[in-house]
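These notes are about the structure you will find just below.
In UniProt numbering, the protein residues as written are 1 to 397.
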């Protein structure tokens, strides 16, 4: 008989974002499946996208706690830049070293938490525990200083495995991590029990709660207010589309996607969105499955950085049609049920028109793809990758 494998996940912090949604899903799934998972979050709150997001309020944190996963924090504040090795004091390092020493494997969510591990190594406090890093971008250049931390950690042997969510991620990071690291690709999957088509009653209730007529087409933009997501391009597409599709509703949700954000208000004006356009600024939402159920289109206009965007498959599993720019693995992800456009507002608006004109046919294609979008395969592949790093110790008789 062997003891459960003890895995510690390092989070930069708990704040809105697809990578945290995905990693939390993996941790909860593996913990329920027999591994013993804990989480150490460097930050207890984050100041990002004109919002303050507290760990205790975050639905991903609450989900882990509800799943029986112990979640602790070093109490730092996350911002636009990751916390550098030299910013960690003795108290932070002692707490981190204690938790790492109690694990068989450490898994870093993205490269940003590696600053903490380098600080431990530089002070001779890093326990001898194998480390894997999970990568979720297709442009390491935009990772800032964390890119160099990953390169150093891989070169020195501190990190031995890189798990990428997409082929584009693995290829983009090849020069960063070098040839001596075990590079794996585990494509994203989702919980298709949560992201599913809504019943007529459910959809009607959701629309009523948002003040959306039963027959109004809905375009959903689920993204934080960040240059990577290119909200300006989305808003220019709205401006082009709304001039002849007066009945369509445009839902914007995510960090910074609220009327409280002056930069968003300025972007709407700059894009020339007509006053008649029916825009709903929803901010951070905890009910994303519900929003996807009423969407006809899930839009992605990202300029860079995307690897395997979750919103595209969450929308498709719910019956919406993904319309995306060609970033990362997006084209491969939506093949057979979505549309890939140029980074051009007129092209995007035209694609929205095409989907709405043939809505039943596009919906059938999306729903037919549900079996290949499920998370079960993803969780199993993460399990194998993590177990390959560990030395299993038999329980004492």
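Cβ atoms here follow ideal geometry from the backbone N, Cα and C, with glycine treated the same way.
Classify residue i as buried or exposed, calling it buried when 16 or more other Cβ atoms lie within 10 Å of its own Cβ.
i, result
"residue 375", "buried"
"residue 351", "buried"
"residue 193", "exposed"
"residue 5", "buried"
"residue 393", "Here residue 393 scores only 41 on pLDDT, less than 50, and its place in the model should not be relied on; the value that follows carries that caveat. Exposed: under 16 other Cβ atoms inside 10 Å."
"residue 85", "buried"
"residue 178", "exposed"
"residue 371", "exposed"
"residue 37", "buried"
"residue 52", "exposed"
"residue 244", "exposed"
"residue 276", "exposed"
Is DSSP giving residue i helix, strand or coil here?
i, result
"residue 302", "coil"
"residue 113", "coil"
"residue 384", "helix"
"residue 212", "coil"
"residue 313", "helix"
"residue 118", "helix"
"residue 400", "The first residue shown for the chain is 1 and the last is 397, placing residue 400 beyond what the model contains."
"residue 12", "coil"
"residue 354", "helix"
"residue 346", "helix"
"residue 308", "coil"
"residue 64", "helix"
"residue 18", "helix"
"residue 390", "coil"
Measure from the alpha carbon of residue i to the alpha carbon of each residue in the options, then state which is nearest.
i, options, result
"residue 273", "31, 250, 331", "250"
"residue 321", "306, 221, 258", "221"
"residue 346", "168, 324, 318, 237", "237"
"residue 167", "336, 327, 373", "327"
"residue 118", "142, 140, 381, 155", "155"
"residue 163", "332, 19, 339", "19"
"residue 280", "315, 69, 248", "248"
"residue 303", "342, 383, 292, 115", "342"
"residue 300", "213, 330, 284, 335", "330"
"residue 338", "316, 358, 353", "316"
How about residue i and residue j: are their beta carbons less than 8 Å apart?
i, j, result
"residue 54", "residue 48", "no"
"residue 13", "residue 43", "yes"
"residue 34", "residue 138", "no"
"residue 310", "residue 22", "yes"
"residue 307", "residue 165", "yes"
"residue 400", "residue 271", "An answer regarding residue 400 cannot be provided, because it is not within the stretch 1 to 397 covered by the chain."
"residue 196", "residue 9", "no"
If you measure from the beta carbon of residue i to each beta carbon in chain C, is any gap under 8 Å?
i, result
"residue 346", "As a matter of chain content, chain C is missing from the structure shown, which is built from one protein chain."
For residue i, which residues in the same chain have their Cβ closer than 8 Å to its Cβ, ignoring the five residues on either side in sequence?
i, result
"residue 63", "24, 28"
"residue 224", "16, 17, 48, 49, 254, 255, 256, 257"
"residue 263", "50, 225, 256"
Apart from the five residues just before and just after residue i, which ones in its own chain have a Cβ nearer than 6 Å to its Cβ?
i, result
"residue 206", "290, 294"
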